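Participant:
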Amino acid sequence: MTPARDIARLIEIMAALRTPVTGCPWDLEQDFASIAPYTIEEAYEVADAIRRGDLDDLRDELGDLLLQVAFHARMAEEQGAFAFPDVVEAITTKLIRRHPHVFGAARDLPAAEVKALWGEIKAEEKAERAVRRGETARAPSLLDGVTPALPGLTRSVKLQEKAATVGFDWDNVGLVVGKVREEADEVAEAVASGDRDAMEDEIGDLLCAVANLARHAGIDPEAAVRRSNAKFERRFRAIEAALAAQGRTPADSDLDEMDALWNAAKAAERKAAE
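With UniProt numbering as the guide, the letters of the sequence shown map in order to residues 1 to 274.
1) Per the contact definition of three or more C-beta pairs closer than 8 Å, is the stretch 8-19 in contact with the stretch 68-88?
2) Within 8 Å, do at least three Cβ pairs link the stretch 59-73 to the stretch 32-51?
3) Run the CB neighbour count on Val157, radius 10 Å, all protein chains shown included, and call it buried at 16 or more, exposed below.
4) Which first and last residues belong to the alpha helix (DSSP H) in which Gln160 is found?
5) Counting along the chain, where does the alpha helix (DSSP H) carrying Asp57 start and finish?
6) Determine the burial state of Arg215: buried for a count of at least 16 other Cβ atoms within 10 Å of its Cβ, exposed for fewer.
7) Output needed for Trp170: all residues of its chain with C-beta closer than 8 Å, excluding positions within five of it in sequence on either side, in chain order.
8) Could you give the uninterrupted runs of the alpha helix (DSSP H) lying entirely in the stretch 186-228, keeping only those of 4 residues or more?
9) Would you kindly work out how many angstroms separate the C-alpha atoms of Pro151 and Glu183, rounded to a whole number?
10) Just to confirm, is the Cβ distance from Leu142 to Ala116 under 9 Å?
11) Given 8 Å as the limit, is there contact between the stretch 223-239 and the stretch 182-199, that is, 3 or more CB pairs closer than that?
12) Alpha carbons only, please: which of Ile203, Ala230, Ala149 and Glu269 is nearest the one belonging to Ala36?
13) When the Cα atoms are used, what is the spatial distance from Ala272 to Glu233?
14) Whole-angstrom Cβ separation of Thr249 and Leu243, contact assumed at under 8 Å?
15) Ignore the nearest five residues each way along the sequence and tell me which others in Val166's own chain have a CB closer than 7 Å to its CB.
16) Helix, strand or coil: how does DSSP classify Glu93 here?
If you want it as structure tokens, here you go:
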């Protein structure tokens, strides 16, 4: 088996990996549910490569994401459900259907009408899916189309953006800051009560309020969290490095010492940024 630029080779390799006896034991053990987390992870790595502006990494990460599509399609083919060409047909059909202003009769439409038409077509597709799945019809909502599959903070922003289009929104960012403080107080009360359900409920409310604050400030909350995660990792690694220089590890230290090392790393970062 040799590399190639042809998508057919990827499909062949995936089939070989999933072939009983001669395939890869790990790949053979997988199913849709076990692979799904990797699919999400690869999508985030694509986004991270874009954020860093690293096009070499972007090429590689897009390949990793494409592998996820091939993996799921191969498992579906083994079950007689669909195969990779069906996935391609489904998305090309959708793209052609959603762009009648490009591929159909609705050419030369203004941008606003194109956007409205796109929304109408998506609503039709959603209704068709509901019928196919046997879902009980429910009253249409402004919030329709905000998929539950999105990460929590991203979905919270999108739900609140939808509601804001009809005026259900705070007038200014200062009021949102007040709401965050209010929700934080309610979290403290829930923690004091020891009620886990109440804590989960109130922490969820706080996270939604923070997501709304990010929206009002023009900040992507997922990007903000990733930035803070990177900051945490950088500073904790500095703690590890400082202790390693003494022949020690964090397990040999205590909170007061590690907190002092954290503050030292934080001060060094600020000085370097000046």
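Note that beta-carbon positions come from the ideal geometry of N, C-alpha and C, so glycine has one too.
These numbers come from a predicted model, not from an experiment.
Facilitator: Taking the structure as given:
1) Contact holds: three or more Cβ-Cβ distances are below 8 Å.
2) As far as the Cβ criterion goes, the stretch 32-51 touches the stretch 59-73, which means the pair count is three or higher.
3) Classification of Val157: buried, given that the 10 Å Cβ count is 16 or more.
4) Per DSSP, the continuous alpha helix (DSSP H) segment holding Gln160 begins and ends at Gly152 to Ala164.
5) Run containing Asp57: Leu55 to Glu78, per the alpha helix (DSSP H) assignment.
6) It counts as buried.
7) In chain order, Val176, Lys179, Asn212 and His216 place their CB closer than 8 Å to the CB of Trp170, counting only its own chain and leaving out the 5 sequence neighbours on each side.
8) Complete alpha helix (DSSP H) runs here, min 4: 196-216.
9) Spanning the two alpha carbons is a distance of roughly 21 Å.
10) For Leu142 and Ala116, no; Cβs fall outside 9 Å.
11) Verdict: no, contact absent.
12) Answer by Cα proximity: Ala149.
13) The alpha-carbon separation between Ala272 and Glu233 amounts to approximately 17 Å.
14) About 6 Å; that satisfies the 8 Å criterion.
15) If we look at Val166 and ignore the five residues flanking it on each side, its Cβ neighbours are Leu142.
16) Checking the displayed sequence, the identity of residue 93 turns out to be Thr instead of Glu. Looking at Thr93 - three-state DSSP - the assignment turns out to be helix.
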